[in-house]
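J.: Going left to right, the sequence shown walks through residues 18 to 1013 as the numbering used here numbers them.
Here a beta-carbon is modelled for each residue, glycine too, at the ideal position from N, C-alpha and C.
No experiment lies behind these values; they were computed from the predicted model shown.
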Amino acid sequence: MKAAKPTMKMPELLVFARWFLVGFVGAETSRATFYLSAGFAQGLDDVALWAKAVGILAGLVLCLTYTVKRGAFEAAARMGRSLRIDLLVAMGVGVWSSGLALPWLSKFHAALKSADPQWAQVVFVLLCVVLLSPLLQQYWARPKKVSSQLYFISDEEIGDERDDLLASEGQAKSFAETVLSSGAHPGLVFGVDGPWGVGKTSFINLAERYWESAGDKVIVCRFEPLRYASEPDLADRLIRDLTAAIQSKVFAPEFRPAASRYSRLIKGKADVSFLGFKLSLEPSQETVDELLDDIDEVLRRIGRRVIIVIDDLDRLDAKTTNNVLFATRRAFKLSHATYVLCYDTEILAGGKDEGSRAREFLEKFVTVKLSLFVDSSSLRDFLRRDWERAESHMGSVPSDTMVKLGAVLNELADVLDGSLAAKYLPLVGDMRKVKRFVNALLLVQIERTNLGRTDFNKRDLINLMLLHLNYPGLFRRIYAEEAEGRSGAFSVRREHGESEFKNSDEFSKLVAAHQGSAGFLLSELFDVDALELGARTDVEEAIRRSRACFNFDELRNLESYLKLIVRFATPEPEQTFVLYQDAVERVRRGTSIVSVLTSPDFELRRGEHAHDQFWRVLVNQSHDFTNAIAHDAIETLVDYLPRYSAFENDDRGLRQRSIYSLVRLLDRAGWGRTSGRRRVNSAENVLEIAWRIFGEHTYQGKGLLEQLASPQRGILGWNDLMLFRLQCSADRQGQIYNLHRALIVDQDMTAPTSGLVSELALMGMRKMSQAVFAQFNRKYIEPKRNFLADANKEPVTAYLGVTYEKLQDEASRDPWPEQAETATARRVSSARSVVKSFVIYQLSNARPPNGSGVGCGYYDEIGAADGGGIAKVMNDYVFGICFNPEADEDNALLFLDHCLAHLSSPFFSDRDDAGFVPTKAELPGGLDPMAIGRYWTKYRNLIRLRAEREQDRIVVMPSYFAFYRDDLDAVYEVLDELAQDSTPSEEDLDAPVPPG
């Protein structure tokens, strides 16, 4: 069947009439300008020629500049390329007609000739103002924009292959070539299908750049129905946009009238109201096919392919989408037009009935379909790119900012490269979602946080950020339950007496209720099975300090994550575990501990927390230290003890806590180390611990006992030594098996190192107790120095340490309890009282091991008879030297201070008294009650008289204040009872003395 021969079309008379009118009006305008300026020119005869030339040139420059900026030359070029001689002739006829109409316009021309010459000047000035106004607005200097300190990645489509982050250029070029080479077929429709965020618009932009490179072959019309979704007739809007696109590229004056007639035809009958009368205007009698033929004829004449791109169909509601498709369907007869529709089929099909209709429409007339996908490898390449390279820069975000985000971005890339990538793709599976994630990181100012110096686990941070972005309601519940010191259903827990972590029952219900990505994220964050915590009883500290699932007691990890996301708050470096972990790693690599502790992060004047945590982490990880590292750690810790505080400050002073760290360090690393691997903890190897303690063999002259109580350390050195000795006692359940074993085998290599703890403690503590007492004997007993008097003279700076030495003035005040500004003085006074009581108690008490350590007084000065010889010597020393009022009457006050320092709580004394009270059991404080009784009998009156002059004296203890004026009477009563107990009865005096 032969194709129908196209018939000749009726010319568009309105087009010719318009060009005729342009010629006529242009000629009349020129003639009117001449008449007005003729009179004005005569008045310029006296003006210099150069001034006239300047004025003319200025006017010409202004007109040319305006013409260029308005694109007049491009429009003229399009007209010239169209070769429309017929329209040029019509304009010429208009100019000719203007000359023929001179008689009709003679009166108008006469009025112009006789008008005031100043009218020409008015018209000229007005014209200049009109032309200058847009030029000045465009080039007028505007204030510079202040550069933003916070940058974000915009979600704009790309328009250049240099911005192609997903390597889509090749596919876009291939698609563009296919569209061009497909030829002009009526009803040829290409569909670009892909989910939101996959980059459909960017893909079309890249294709359009290729189409534009085709020169004069193609006109691209971009129709965005989302912008006109509220308009009733989208078909009319499509025709208008198509008309504007064509006329911006070629000179086709017939296209607009033909398109207008087509638009009126598809609208149907129009109603017009005039003077209260309603008139109905019928469209022309032409058919739709005839009008489409007219439009197609225009396209054929200009020789261009028209590619009509309809984007964002999936953003419209289902009904509007169907209207757009229907409007597009009407125009499918155009043989020189190719349609490209961009949509997401799944979104369109989600509207039930209307969505199903839209999907059926697409299936009917999308003849070629291309589906877009984003490979996770492309996203990984984007996340892992070298942001310092020039070609990696993003216009809105500085490269150094992206570099700082590198730790999180690389972790996200690892997620997309792992076995769980498919689970994460619904959340970060396209560039739009990735950009939103990066913007969320920028919003919480992650780039200002050195994540390498925080405990945040990057995977947990990513999961929480994704919850925050995609499931805000669920995230709000987590915040409500887990912030502000609370622990809710999400964080893991370990019940009292249990060793394994587990989830709450409520958490299991939450995971079951949130299927899909929400449940997956919850499991990745908190599920003990997914985290492999359920069957573990020894979770490493690095995990406990970093994972978001922990949020109890001191491990408020989840709350730290939440505050980072919600409050943009990051923990201080000294509050993080990683600071101390990195410091220990530096020590392992050979850095001296002193250089670590003197670095800015560990500046003691800022606080002791950093040192406290460093020693804790170092001791916990010291099991594989070499001999050099272990020796450096032990020596440095002993050297730093005097620099730490020895008074209560929220907890026991760091000096006291460091003694236990020293004991554990000896047990873990103070033996059998070489430069290579660790040795077996045999008796021969662990013996080195005892050598370190007593200064024997290779450690001669460097024993810890001598170092701890060296003269320059003063009274607090003796407190350190007594505390060290106490911590080494096996009955205190200190889990320091190697040290206990070393103390035993150092005395007897054949002695048992397992069995009853009490027997092991007695054996192990004998040599140390005798060595400690021997030191005390040499420094205090033999030279008859008063230890308690020296303790009262110890300067307050010794208790404050480096951190609190700035409080010296406050600590030196009278520790009166009713004065708030003396809080530090009270704590220092309390620490002084504790030191005096503790040292005397440890040396003089003769108690066997019962879980509180073996008393030093249990042993003899030498030998293994364990007859309490040390206790006897200590009692003689205390009562004969320290408390002796005959040597110094102030010694009586030392005795009373000792008594007031050993009051008992009424809860443990079976008394109804309010406050702390003296008892016969506790008042001696480790001294012999009989010796106290005899002492009181001898010096009772002298002591009372001395105390009368010190009624304002107080004794400060951690739990109470004891006042001479209020509490001594009760003390006297107990002392009287002890004195009575120490006096032998008549039966005792008459009893025969046993032989020998």
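Leaving out five residues on either side along the sequence, give the residues of the same chain with a beta carbon under 7 angstroms from the beta carbon of residue 550.
T.: Numbered from its first residue, the sequence shown carries residue 550 at position 533. So the qualifying residues of the chain are 509, 518 and 556.
J.: Under 8 angstroms by Cβ, that's how I've got residue 397 and residue 430 pegged, so tell me the actual separation to the nearest angstrom.
T.: Working through the sequence shown from its first residue, we reach residue 397 at position 380. Working through the sequence shown from its first residue, we reach residue 430 at position 413. That belief holds up - the Cβ atoms of residue 397 and residue 430 are roughly 4 angstroms apart, short of 8 angstroms.
J.: Would you decide whether residue 609 is buried or exposed? Buried here means 16 or more other CB atoms lie within 10 Å of its CB.
T.: Position 592 of the sequence shown, counted from the start, is the residue given in the question as residue 609. Flag for residue 609 reads exposed.
J.: Is the distance from the Cβ of residue 468 to the Cβ of residue 432 below 8 angstroms?
T.: Taking the sequence shown and counting its residues from 1, one reaches residue 468 at position 451. Taking the sequence shown and counting its residues from 1, one reaches residue 432 at position 415. For residue 468 and residue 432, no; Cβs fall outside 8 angstroms.
J.: Is residue 912 helix, strand or coil by DSSP?
T.: Here residue 912 refers to the residue found at position 895 of the sequence shown. Helix at residue 912.
J.: For residue 521, which three-state DSSP category applies?
T.: Counting from 1 along the sequence shown, the entry for residue 521 is found at position 504. Of the three classes helix, strand and coil, the one that applies to residue 521 here is coil, per DSSP.
J.: Scan the region 630-670 and note each continuous alpha helix (DSSP H) run of 4 residues or more that stays entirely inside, going in chain order.
T.: Whole alpha helix (DSSP H) segments, 4+ residues: 644-657.
J.: Would you report the Cα separation of residue 664 and residue 730, rounded to the nearest angstrom?
T.: Sequence index remark: in the sequence shown, residue 664 carries index 647 (1-based). Sequence index remark: in the sequence shown, residue 730 carries index 713 (1-based). Near 16 angstroms, if we compare the C-alpha coordinates of residue 730 and residue 664.
J.: Between the region 654-664 and the region 703-719, do three or more beta carbon pairs fall short of 8 angstroms?
T.: Result no; under three Cβ-Cβ pairs closer than 8 angstroms.
J.: Within a Cβ cutoff of 7 angstroms, which residues of the same chain sit near residue 53, ignoring the five residues on either side of it in sequence?
T.: Residue numbering aside, residue 53 sits at position 36 when the sequence shown is read from its first letter. Around residue 53: 129, 132, 136, 137 and 140.
J.: Alpha carbon to alpha carbon, how far is residue 947 from residue 758?
T.: The sequence position of residue 947 within the sequence shown is 930, counting from 1. The sequence position of residue 758 within the sequence shown is 741, counting from 1. For residue 947 and residue 758, the distance between alpha carbons rounds to 37 angstroms.
J.: Please report the residue range of the alpha helix (DSSP H) in which residue 75 lies.
T.: Walking along the sequence shown from the start, residue 75 turns up at place 58. Per DSSP, residue 75 belongs to the alpha helix (DSSP H) from 66-86.
J.: I need the straight-line Cα distance from residue 190 to residue 592, nearest angstrom please.
T.: To locate residue 190, count along the sequence shown from 1; it is residue 173. To locate residue 592, count along the sequence shown from 1; it is residue 575. In a straight line, the C-alpha of residue 190 is about 54 angstroms away from that of residue 592.
J.: Among 248, 332, 911 and 575, which has the Cα closest to the Cα of residue 803?
T.: Start at 1 with the first residue of the sequence shown, and residue 803 comes out as number 786. When only C-alpha atoms are compared, the closest one is 911.
J.: Tell me whether the region 572-585 and the region 609-622 touch, counting them as touching only if at least three CB pairs, one residue from each stretch, are closer than 8 angstroms.
T.: Contact between the region 572-585 and the region 609-622 is absent, because fewer than three Cβ pairs lie under 8 angstroms.
J.: Am I right that residue 169 and residue 111 are in contact with their C-beta atoms under 8 angstroms? What's the rounded C-beta distance?
T.: The count along the sequence shown starts at 1 and reaches residue 169 at position 152. The count along the sequence shown starts at 1 and reaches residue 111 at position 94. Not a contact, Cβ separation roughly 57 angstroms.
J.: Per DSSP, what kind of secondary structure is residue 921 in: helix, strand or coil?
T.: Residue mapping note: residue 921 aligns to position 904 of the sequence shown, counting from 1. Three-state result, residue 921: strand.
J.: In its own chain, which residues sit with a C-beta less than 8 angstroms from the C-beta of residue 906, not counting the 5 before and 5 after it?
T.: Walking along the sequence shown from the start, residue 906 turns up at place 889. Answer for residue 906: 959 and 963, listed in chain order.
J.: Starting from residue 10 and walking both ways along the alpha helix (DSSP H), at which residues does that stretch end?
T.: Given a span of 18 to 1013 for the chain in the structure shown, any question on residue 10 remains unanswerable.
J.: Do residue 887 and residue 1022 come within 8 angstroms of each other at the CB atom, strictly closer than that value?
T.: Residue 1022 falls outside the range modelled here, since the chain spans only 18 to 1013, and no answer is possible.
J.: Just to check my reading of the structure: residue 866 and residue 778 have Cβ atoms closer than 8 angstroms, yes? What is that Cβ distance to the nearest angstrom?
T.: Taking the first residue of the sequence shown as position 1, residue 866 is located at position 849. Taking the first residue of the sequence shown as position 1, residue 778 is located at position 761. Their Cβ separation, rounded to whole angstroms, is 4 angstroms, which keeps residue 866 and residue 778 in contact under 8 angstroms.
J.: Alpha carbon to alpha carbon, how far is residue 113 from residue 41?
T.: Translated into positions along the sequence shown, residue 113 becomes position 96. Translated into positions along the sequence shown, residue 41 becomes position 24. The alpha-carbon atoms of residue 113 and residue 41 are separated by roughly 8 angstroms.
J.: Could you check the C-alpha separation between residue 222 and residue 450 for me, to the nearest Å?
T.: Working through the sequence shown from its first residue, we reach residue 222 at position 205. Working through the sequence shown from its first residue, we reach residue 450 at position 433. Each residue's Cα considered, the two are about 20 angstroms apart.
J.: Using the C-alpha atoms, what's the distance from residue 501 back to residue 971?
T.: Residue mapping note: residue 971 aligns to position 954 of the sequence shown, counting from 1. Residue mapping note: residue 501 aligns to position 484 of the sequence shown, counting from 1. Cα to Cα, residue 971 sits roughly 41 angstroms from residue 501.
J.: Check whether the Cβ atoms of residue 856 and residue 785 sit closer than 8 angstroms, and answer yes or no.
T.: Here the question's residue 856 lines up with position 839 in the sequence shown. Here the question's residue 785 lines up with position 768 in the sequence shown. No, they are not a contact pair.
J.: So, is residue 63 buried or exposed, given that buried needs 16 or more other C-beta atoms within 10 angstroms?
T.: In the sequence shown, the residue the question calls residue 63 occupies position 46. Counting Cβ neighbours within 10 Å, residue 63 comes out exposed, since fewer than 16 surround it.
J.: In this structure, how does DSSP classify residue 438 when only helix, strand and coil are distinguished?
T.: Translated into the one-based positions of the sequence shown, residue 438 becomes position 421. Reduced to three states, the DSSP call for residue 438 is helix.
J.: Starting from the Cα of residue 767, find the closest Cα among 831, 361, 701 and 749 and give me that residue.
T.: For the purposes of this step, residue 767 is taken as residue 750 along the sequence shown, with counting starting at 1. Here the closest residue by C-alpha is 701.
J.: Assuming the contact rule is C-beta atoms closer than 8 angstroms, residue 443 and residue 327 should be a hit. Round their C-beta distance to whole Å, please.
T.: As a working note, residue 443 is residue 426 in the sequence shown. As a working note, residue 327 is residue 310 in the sequence shown. Not confirmed; about 27 angstroms, so no contact.
J.: Could you have a look at residue 572 and say whether DSSP puts it in helix, strand or coil?
T.: Indexing the sequence shown from 1 puts residue 572 at position 555. It is a strand residue.
J.: Should residue 422 and residue 209 be called a contact, given that it needs their Cβ atoms to be closer than 8 angstroms?
T.: Start at 1 with the first residue of the sequence shown, and residue 422 comes out as number 405. Start at 1 with the first residue of the sequence shown, and residue 209 comes out as number 192. No.
J.: Do residue 899 and residue 805 have their beta-carbon atoms positioned less than 8 angstroms apart in this structure?
T.: Start at 1 with the first residue of the sequence shown, and residue 805 comes out as number 788. Start at 1 with the first residue of the sequence shown, and residue 899 comes out as number 882. Contact: yes.
J.: Considering only the alpha carbon of each residue, which of 833, 942 and 771 lies closest to residue 852?
T.: Along the sequence shown, read from residue 1 onward, the residue named residue 852 stands at position 835. The candidate whose alpha carbon is nearest that of residue 852 is 942.
J.: In terms of DSSP beta bridges, what is residue 238 paired with?
T.: To locate residue 238, count along the sequence shown from 1; it is residue 221. For residue 238, which the question treats as bridged, DSSP gives the partners 325.
J.: Under the DSSP definition of a beta bridge, which residues are partnered with residue 359?
T.: As a position in the sequence shown, residue 359 is number 342, starting the count at 1. Looking at the DSSP assignment, residue 359 forms a beta bridge with 209.
J.: With distance defined between alpha-carbon atoms, name the residue in 968, 462, 788 and 823 nearest to residue 587.
T.: Residue 587 sits at position 570 when you count from the first residue of the sequence shown. Taking only the C-alpha atoms, the option nearest residue 587 is 462.
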